[in-house]
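Line by line, the protein sequences give chains A and B. Note that numbering that gives the first Met the number 0 numbers the first sequence so that position 28 is 27, with each residue one more than the last. Note that numbering that gives the first Met the number 0 numbers the second sequence so that position 23 is 22, with each residue one more than the last. Even for Gly, the Cβ is constructed at its ideal location relative to N, Cα and C. Model, not experiment: these values are computed from the prediction.
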Amino acid sequence: MAKLKGSIVIDKEKCKGCGVCVTACPTQVIAMSDDVNSKGYNYAEAVNMDACTGCTNCSVVCPDGVITVYRMKV
Amino acid sequence: MAENISPKTIIKPENLVHKRSSVLTDNTMHYCPGCGHGTAHNVLAEVIEEMDIQQDTIGVTPVGCSVLMYNYMNLDMQEAAHGRAPALATAIKRLLPEKYVFTYQGDGDLAAIGTAETIHSCNRGENILIIFINNGIYGMTGGQMAPTTLEGMKSSTSPYGRDKQMMGNPLKMTDIVATLPGTYYVTRQSVHKPANVRKTKKAIRKAFEYQKLNKGTCFIEIVSNCPSGWKMTPVESNKWMEENMFPFYPLGDFKVPEDK
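What follows is the structure, encoded as structure tokens:
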């Protein structure tokens, strides 16, 4: 069976660090960074990209639309 | 084999599955972190993008947190006086009947100062889409009590919780407009979880399709959070909303067209 592999790109400068994507991700790919962006928010970052299936949940719930999702069959 | 694929291989234009809608401008939204307004803007923009009606859509913005919505949507937008968005949308739709017209209003705008305009527009059955964001509080002005504030809910003007005897009952606008003959499609959705966002998107798409058929007013309530006004983190506020708002404002369709 074909497996889906996903990858996300987060615009960390526009991220406001709300953390909604972290709870929306079914495979715990995203976590909040310890660093802050230029506005002082702890931005979201992908810590476990290998587990990403490209389900788009994080991108769909992101209030600021900072997550872009890519997916391919392997 | 599959585990060794690097993100660089996947991140290619042909593999793109979801991104910020092109109907939204590049401006960073002024909303607080985790606010449902941003998600609601995203889904609305996505529907407009998918239906390819960007050139034919006119939005009416309210007074409230979403007053600057015209900075974020790459559409023709008109700012209405406080609460008067359905009246203005009525005029726009009657003058330009081939355009898609929507209003986007919060609970302070639609359920308080604009109650008359809302009810009469729905009663006349104007062919507009009314999107009602209900977070149970006046967010922009500093978290005061709104007509939709739940009983016992604390706000800056009801610090001991809303008292029914003194401040009256929370107003269920969606239930009211569903009883009016002019409305065609009335539903209540939310945007706090991926599944709910997808349902909201379907609802907005249906509403625009009904508008094309001149069927009457479509009314979509989106129960949303207000992390700053409720004094919670975004994730906590979403949980609080599920536990407290949804029992009083249950999600679902209130009025669906019979002729499918």
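>> Check for me: the alpha helix (DSSP H) holding B/M165 runs from which residue to which?
In response: As a first step, residue 165 of chain B is located in the second sequence; it is residue number 166 there, counting from the start. In the DSSP assignment, B/M165 falls within the unbroken alpha helix (DSSP H) covering 163-166.
> Interface residues of chain B around A/K11 at Cβ under 9 Å?
Replying inline: In the first sequence, residue 11 of chain A corresponds to position 12, counting from 1. Within 9 Å Cβ-Cβ: nothing; A/K11 doesn't reach chain B, min ~13 Å.
> Could you give the residue range of the alpha helix (DSSP H) that holds B/L43?
Replying inline: On the second sequence, residue 43 of chain B is found 44 positions in, with the first residue counted as 1. 35-50 is the span of the alpha helix (DSSP H), which, as asked, contains B/L43.
>> I need the DSSP call for B/M0, collapsed to helix, strand or coil.
In response: Numbered from its first residue, the second sequence carries residue 0 of chain B at position 1. Bear in mind that a pLDDT of 47 at B/M0, under 50, signals an unreliable position, so the model cannot answer this.
> Taking Cβ-Cβ distances shorter than 8 Å, what residues in chain A pair up with B/L170?
Replying inline: Along the second sequence, one-based indexing puts residue 170 of chain B at 171. One finds nothing in chain A with a Cβ atom closer than 8 Å to the Cβ of B/L170; even the nearest lies about 26 Å away.
>> So B/R204 contacts chain A; which residues on that side make the cut at Cβ distance below 9 Å?
In response: Along the second sequence, read from residue 1 onward, the residue named residue 204 of chain B stands at position 205. The contacting residues do not exist; B/R204 stays about 15 Å from chain A at best.
>> For the region 43-57 of chain A, list every residue whose C-beta sits within 7 Å of some C-beta in chain B, in sequence order.
In response: From the region 43-57 of chain A, only M48, D49, G53, T55, N56 have a Cβ closer than 7 Å to chain B.
> For the beta strand (DSSP E) that contains B/T56, what are its first and last residues?
Replying inline: Stepping through the second sequence from its first residue, residue 56 of chain B is reached at position 57. Its beta strand (DSSP E) spans residues 56-60.
> Does the Cβ of B/A194 have 16 or more other Cβ atoms within 10 Å, making it buried, or fewer, making it exposed?
Replying inline: Here residue 194 of chain B refers to the residue found at position 195 when the second sequence is read from its first residue. By the 10 Å Cβ count, B/A194 comes out exposed.
> Any chance the region 156-176 of chain B sits against the region 62-81 of chain B, with 3 or more Cβ pairs inside 8 Å?
Replying inline: These segments do not touch.
> So, are the CB atoms of B/G113 and B/A84 less than 8 Å apart?
Replying inline: Working through the second sequence from its first residue, we reach residue 113 of chain B at position 114. Working through the second sequence from its first residue, we reach residue 84 of chain B at position 85. Going by C-beta atoms, B/G113 is nearer than 8 Å to B/A84.
>> With H, G and I counted as helix, E and B as strand and the rest as coil, what does DSSP make of B/E78?
In response: If you number the second sequence from 1, residue 78 of chain B lands on position 79. Three-state DSSP puts B/E78 in a strand.
>> Quick check: is the beta carbon of A/G64 nearer than 8 Å to any beta carbon in chain B?
In response: On the first sequence, residue 64 of chain A is found 65 positions in, with the first residue counted as 1. Chain B, which has a Cβ nearer than 8 Å to the Cβ of A/G64, makes this yes.
>> Whole angstroms are fine: how far does the CA of B/V190 sit from the CA of B/L250?
In response: Taking the first residue of the second sequence as position 1, residue 250 of chain B is located at position 251. Taking the first residue of the second sequence as position 1, residue 190 of chain B is located at position 191. Cα-Cα distance, rounded: 11 Å.
>> Would B/T199 and B/V42 be called neighbours here (beta carbons separated by less than 8 Å)?
In response: Residue mapping note: residue 199 of chain B aligns to position 200 of the second sequence, counting from 1. Residue mapping note: residue 42 of chain B aligns to position 43 of the second sequence, counting from 1. It is a contact, given that the beta carbons lie within the stated cut-off.
> By DSSP, does B/M139 sit in helix, in strand, or in coil?
Replying inline: For the purposes of this step, residue 139 of chain B is taken as residue 140 along the second sequence, with counting starting at 1. DSSP, reduced to helix, strand and coil, places B/M139 outside both helices and strands of the structure shown, so it counts as coil.
> Name the chain A residues that come within less than 8 Å of B/V22, Cβ to Cβ?
Replying inline: Translated into positions along the second sequence, residue 22 of chain B becomes position 23. The contacting residues do not exist; B/V22 stays about 11 Å from chain A at best.
>> Can you check whether the C-beta of A/G16 is within less than 8 Å of a C-beta belonging to chain B?
In response: Working through the first sequence from its first residue, we reach residue 16 of chain A at position 17. Interface residue, yes.
>> According to DSSP, B/G251 sits in a beta bridge with which residue or residues?
In response: As a first step, residue 251 of chain B is located in the second sequence; it is residue number 252 there, counting from the start. Within the DSSP secondary-structure output, B/G251 pairs in a beta bridge with B/R187.
> Going along chain A, which residues have a C-beta under 7 Å from B/I4?
Replying inline: Here residue 4 of chain B refers to the residue found at position 5 of the second sequence. In chain order: K4, V73.
> By how many angstroms is the C-alpha of A/A23 removed from the C-alpha of A/A50?
Replying inline: Against the first sequence, residue 50 of chain A aligns to sequence position 51. Against the first sequence, residue 23 of chain A aligns to sequence position 24. Put simply, the backbone Cα of A/A50 is about 14 Å away from that of A/A23.
>> Does chain B have any CB closer than 8 Å to the CB of A/V19?
In response: Counting from 1 along the first sequence, the entry for residue 19 of chain A is found at position 20. Chain B, which has a Cβ nearer than 8 Å to the Cβ of A/V19, makes this yes.
>> Among the candidates A/E12, A/I9, A/G5, whose CA atom is the shortest distance from the CA of A/P25?
In response: As a working mapping, residue 25 of chain A is identified with position 26 in the first sequence. The candidate whose alpha carbon is nearest that of A/P25 is A/G5.
> For the putative contact between B/I219 and B/F131, defined by C-beta atoms under 8 Å, what is the C-beta separation to the nearest angstrom?
Replying inline: Here residue 219 of chain B refers to the residue found at position 220 of the second sequence. Here residue 131 of chain B refers to the residue found at position 132 of the second sequence. Here B/I219 really is in contact with B/F131; their C-beta atoms are around 7 Å apart, less than 8 Å.
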